[in-house]
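Here the structure is laid out as structure tokens; the discussion comes afterwards.
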Amino acid sequence: MPGNGLWSQKLHEYLQPRSHVLLEPRFERYERFLGPLLNAPGSKYSLVEKDPTELQTYRDMVTEKAFPHQTVRNPQDATAQQHNDTLLVTGSLVWDPPLLGMGLDSMGKQLYYHFNSAARANDLFHSFGLVRTLLWMKVEDLNPTLADSISGLQKTNCFMQMSQNVDVIVNAERSPRKSGKGSSSREPQYEIEGTVRALQRGKRLGMDLPAHRRDHIHQFATDIEQISNGTGIVDNIEIQRYLHDQHLAGMPTTGLLAEGLVEHYDAEKAIRAQYPDVDIGPGILMDVRTSRRKVRSDHPAKDQIRKYIKDCANVNLTLRRKKEIEELANIGEAMYRLECKILDMQDGPEKDAAMEELEKLDASWEAGHEKLPTNYTRAPETELDDRLGLRAPPSPRVQWDSRSFEPLTMRANEAWPKNRLSLISTEAVPQPTDRFPEYFEWLGDFISGLYGMPADSIPEALDKMQHGLASIIDDCPSLKDPAKGGRLQMKHFRVRLLTSEMIEELLEAYKNWPFKAPGSDHNKYFRNKNSAQNFSGKPGPD
């Protein structure tokens, strides 16, 4: 963990701890760095030469009293699940070249999962109470555990955000935007909106980003905050025009624009620079005139320009499709707002009129979906859920969007060997003592079933878990409480928008549901069912 000890030394100088345990199995390799720390007069450092990848190492450190100021807590005691702010576990879970875990593609990711799960059993260093960890990790190891958008919220990171409070202190520069599986699929206007809000929260807390620790998105967010009168809310066409202009002005749009669009704007920039006499039109023009422009047959760059014009037509088609999706999302948001009003209305003519208006909006929503190509049918829901996740109470729904400040930006060349790293602060949520035994085990299992398809509606998801389970919706009042994020129409309420309170209510209702399938009343049922299905390719037993 300490390696050459630079991080440990700097943190030690700042915190001035009573004692500081260094865990390094290859002391001889780093002795010239660590030796002076250990041998200095009055040194508070001590060394443990054991393997940090072995969980038994941490148990041995506890039993061998490596932490002289700590007291082991009885897991059955009420204080066991209280936070212990007198101990900090810090270090690096980064290996270059990568070190594989057992069944995982990264040892860093595996250890991070183990450290977090150990809190529930007061195992490892959590024997002293729930301890904060402050760990350097590769960005790609962090991504699966911390969703950066509603569409990225899956069973693993949903459970993580209900059982851990995570703060990203340092983050890497943005990488090129992915497409397909593994991408956040969050449109740039919502990514920037979330950044605007984080910068505003940080400013209120006195945590402004220093200029040398800002990424390009922070300048974009500052501009959009001014353009939108502080809301951070702009439509798709406005953000696309803004990013187009910024790209042509030389500002990198990495991670916000698809790579194909970046290449298209680069082509526009190159043609304008080399052939200023050619009228090619902007690469984001929203009409068909660009595609009808003629290029002289004797022009030296005719092929390059013709390709650019053809690409303009494709870009415009994509942007028109995005506009259709955005308009459908507008209808969906209007539906949601109206449903919230209806839930607060008393029976009478006003409520009847509102219900009629809701039916019209619902019909428009369905009609708009029917016009979309098959590969776009889920897009309006994704865009709508991103909006509601950011804006609808109790917002935000994704832990990343609730960050108190924007992380400091770290350049890849600030690590050796070069790496894209994040510094993550993690603190476990205490296991409730007022519910039922092994609460987090039950919660993790229930989420494993519920989040089989996070884009499903709640009734669909529950009935896939067990036939008839959707009936427990009536036992969960928060699902229809607008102040708590609820809505009227469950068919439009997707799993990924559930709040922690709603999931807890659903779990409680499931525990009390008398119609469970035989053999399913245990806290590993849905995980085993999913594993059996993944192994055989067939649904598991009901």
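Sequence positions in the sequence shown follow the working numbering and run 31 to 572.
Virtual Cβ for every residue (Gly too), placed ideally from N, Cα, C.
Given the structure is predicted, the values throughout are model-derived calculations rather than measurements.
Within 9 Å, strictly: CB atoms of residue i and residue j
| i | j | result |
| --- | --- | --- |
| Gly474 | Arg526 | no |
| Thr456 | Phe145 | yes |
| Gln191 | Ala177 | yes |
| Val169 | Ser452 | yes |
| Leu509 | Lys185 | no |
| Asn69 | Ala110 | no |
| Asp486 | Arg524 | yes |
| Trp430 | Gly224 | yes |
| Asn344 | Glu468 | no |
| Gly549 | Tyr555 | yes |
| Asp341 | Gly313 | yes |
| Leu67 | Ser38 | yes |
| Thr422 | Tyr338 | Note that residue 422 is Ala in the sequence shown here, rather than Thr. Going by C-beta atoms, Ala422 is not nearer than 9 Å to Tyr338. |
| Gly121 | Leu165 | yes |
| Ala458 | Arg204 | no |
| Met91 | Leu53 | yes |
| His246 | Thr283 | yes |
| Leu273 | Pro460 | no |
| Pro507 | Leu373 | no |
| Ile454 | Ile199 | yes |
| Tyr305 | Ala288 | no |
Status (buried if at least 16 other CB within 10 Å, exposed otherwise) for residue i
| i | result |
| --- | --- |
| Phe189 | buried |
| Pro571 | For Pro571, the pLDDT reaches just 49, beneath the cut-off of 50, and the residue's location in the model is therefore unreliable, although a value from the coordinates is still provided. When all chains shown are included, Pro571 counts as exposed. |
| Phe476 | buried |
| His242 | exposed |
| Met167 | buried |
| Asn114 | buried |
| Leu536 | buried |
| Gly133 | exposed |
| Thr261 | exposed |
| Asn259 | exposed |
| Trp446 | exposed |
| His99 | exposed |
| Phe470 | buried |
| Ala383 | exposed |
| Ala251 | buried |
| Asn187 | buried |
| Gln106 | exposed |
| Gln219 | buried |
| Pro174 | buried |
| Glu444 | exposed |
Neighbourhood of residue i by C-beta, 8 Å cutoff - its chain only, sequence neighbours within 5 removed
| i | result |
| --- | --- |
| Gly398 | Glu354, Glu357, Leu358, Ile361, Pro410 |
| Asn560 | Ser478, Gly479, Gly482, Gly570 |
| Glu363 | Leu414, Arg417, Leu418 |
| Lys521 | Ser487, Pro489 |
| Arg408 | Ala485 |
| Glu298 | Leu278, Ile310, Pro312, Gly313, Tyr338 |
| Thr412 | Ile180, Ser181, Ser215, Ala485 |
Close beta carbons around residue i, own chain, < 7 Å, minus the five adjacent residues each side
| i | result |
| --- | --- |
| Phe565 | Reliability fails at Phe565, whose pLDDT of 49 lies under 50, so the model's placement of it is uncertain and the value that follows must be treated cautiously. Excluding positions up to five away in sequence, the list is empty. |
| Asn449 | Val124, Asp126, Lys168, Ala442 |
| Pro424 | Lys514, Gly515, Thr529 |
| Ile263 | Glu223 |
| Leu129 | Met137 |
Beta-bridge partners of residue i, as assigned by DSSP
| i | result |
| --- | --- |
| Ser122 | Trp166 |
| Asn195 | Glu457 |
| Met237 | Bridge partners of Met237: none, in fact. |
| Arg207 | Ala288 |
| His113 | Leu160 |
| Ala202 | Met440 |
| Arg524 | Ser487 |
Neighbourhood of residue i by C-beta distance below 6 Å, restricted to the same chain and skipping five residues each side
| i | result |
| --- | --- |
| Gly232 | Phe435, Glu436 |
| Asp505 | Ala539 |
| Lys74 | Ser49, His50 |
| Arg433 | Ala228 |
| Leu64 | Gly35 |
task = Would you mind listing the alpha helix (DSSP H) stretches within the stretch 31-110 that are 4+ residues and don't spill past its ends, in chain order?
result = As summarised for the stretch 31-110, the continuous alpha helix (DSSP H) elements at least 4 residues long and confined to that stretch are 36-45, 57-69, 85-93, given in chain order.
task = Pick out the complete alpha helix (DSSP H) segments inside the stretch 385-464, 4 residues or longer, and give them in chain order.
result = Within the stretch 385-464, the complete alpha helix (DSSP H) runs of at least 4 residues fall at 409-421.
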